[in-house]
Amino acid sequence: AQSVAQPEDQVNVAEGNPLTVKCTYSVSGNPYLFWYVQYPNRGLQFLLKYITGDNLVKGSYGFEAEFNKSQTSFHLKKPSALVSDSALYFCAVREGGGSARQLTFGSGTQLTVLP
Amino acid sequence: EPEVTQTPSHQVTQMGQEVILRCVPISNHLYFYWYRQILGQKVEFLVSFYNNEISEKSEIFDDQFSVERPDGSNFTLKIRSTKLEDSAMYFCASRAFTPPETQYFGPGTRLLVL
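As you go down the protein sequences, you meet chains A and B in turn. Here this note's numbering is used: the first residue of the first sequence is 45, the next is one more, and so on. Here this note's numbering is used: the first residue of the second sequence is 210, the next is one more, and so on.
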């Protein structure tokens with residue numbers, strides 16, 4: 045079985061400061077990891093993914109995430125937050141190469157960037 | 210940039226009624242999915258569809274649910290007899306065969322069962 049934990053329901057950060065949204069995962073094999081963002085009354089927008097290769101992946105809107113196999117984590121980061129980054133962020137995982145192709149999502153973290 | 214579209218954006222129905230939620234996946238994609246998100250809860254997988262048949266389904270996807278690709282562009286989710294607990298946001302997603310990893314989501318249909 046695969047699972048994702050996002051330990052923080054809410055993250056507040058001041059504009060211009062760095063932000064981190066935490067995610068840890070559990071899968072039986074190699075993980076494929078994803079971050080999605082959801083703005084109010086909108087669908088899930090793909091931000092970035094880790095499949096293989098460099099542990100630091102860069103995505104849309106200046107976001108990046110670091111895959112840490114020993115800590116089974118995939119934290120989302122941005123060096124300088126914008127008010128427009130305020131949204132609900134979901135981490136998702138699936139087992140790479142396995143038959144279970146569906147994504148398992150975390151419970152989401154509401155990011156609020158304060159002006 | 211191509212995107213997944215869904216109709217309607219909102220649907221209100223009476224308990225026991227049938228609803229059909231519609232999705233138009235990205236045109237060259239071959240895998241299709243439905244997920245749902247009950248208000249305030251996490252996004253949950255319902256079903257995946259490939260080559261005109263269900264690939265996987267979750268325990269949520271019981272006999273009241275069905276999916277269909279009636280033509281070359283639409284992908285539908287039917288709930289035969291809606292229950293109050295079916296009220297949720299329903300997301301359609303699609304992905305290409307290669308690279309296979311990224312699922313792209315539609316804007317969702319908010320279903321309210323009264």
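Heads up, the beta-carbon is just placed ideally off N, CA and C, and yes, glycines get one too.
Out of the options, point me to the one whose CA is closest to residue i's CA.
i, options, result
"B:T214", "B:E277, B:E253, B:P234 and B:Q226", "B:P234"
"B:N283", "B:F241, B:E294 and B:V221", "B:F241"
"B:F314", "A:G87, A:N112, A:K113 and A:D53", "A:G87"
"B:D271", "B:L286, B:N261 and B:S303", "B:L286"
"A:Y105", "A:Q89, A:I95 and A:P84", "A:Q89"
"B:L248", "B:E310, B:F300 and B:T307", "B:F300"
"A:A125", "A:I95, A:Q82 and A:L158", "A:L158"
"A:K113", "A:G103, A:P84, A:K122 and A:G73", "A:G73"
"A:L63", "A:P84, A:V101, A:L100 and A:S130", "A:S130"
"A:L100", "A:Q82, A:P84 and A:K122", "A:K122"
"B:T307", "B:T216, B:M224, B:L255 and B:H238", "B:H238"
"A:L132", "A:G140, A:R145, A:S151 and A:F107", "A:S151"
At the level of alpha carbons, what is the spacing between residue i and residue j?
i, j, result
"A:S47", "A:L147", "9 angstroms"
"A:A49", "B:K251", "11 angstroms"
"A:L91", "B:P279", "31 angstroms"
"B:E210", "B:Q312", "15 angstroms"
"A:T153", "A:T116", "18 angstroms"
"B:Y244", "B:C232", "12 angstroms"
"B:S303", "A:N61", "35 angstroms"
"A:A58", "B:S264", "44 angstroms"
"A:Y94", "A:V65", "16 angstroms"
Using the Cβ count rule (16 or more neighbours within 10 Å means buried), how would you classify residue i?
i, result
"A:V127", "exposed"
"A:L155", "buried"
"A:P51", "exposed"
"B:G281", "exposed"
"B:L320", "buried"
"B:Q246", "buried"
"A:Q54", "exposed"
"A:A45", "exposed"
"B:L323", "exposed"
"A:P84", "exposed"
Between the stretch 125-138 of chain A and the stretch 77-88 of chain A, can you find at least three pairs of beta-carbon atoms closer than 8 angstroms?
yes
Flag this pair as touching only if the stretch 220-227 of chain B and the stretch 60-71 of chain A have three or more C-beta atom pairs under 8 angstroms; answer yes or no.
no
Can you pull out the residues from the stretch 256-274 of chain B whose beta carbon lies closer than 8 angstroms to at least one beta carbon of chain A?
S257, S264, E265 and S267
Could you tell me whether the stretch 291-303 of chain B touches the stretch 223-231 of chain B, where touching means 3 or more Cβ pairs closer than 8 angstroms?
yes
Interface residues of the stretch 144-159 of chain A facing chain B [CB-CB below 9 angstroms]:
A144, R145, Q146, L147, T148, F149, G150, S151 and G152
Residues in the stretch 306-318 of chain B having any Cβ partner in chain A nearer than 9 angstroms:
P308, P309, E310, T311, Q312, Y313, F314, G315, P316 and G317
Pull out every residue of the stretch 82-94 of chain A whose Cβ sits closer than 7 angstroms to any Cβ of chain B, in chain order.
R86, G87, L88, F90 and K93
Under 7 angstroms, CB to CB, which of the residues in the stretch 280-305 of chain B have a partner in chain A?
F300
By the 7 angstroms beta-carbon criterion, what residues does the stretch 109-143 of chain A contribute toward chain B?
F134
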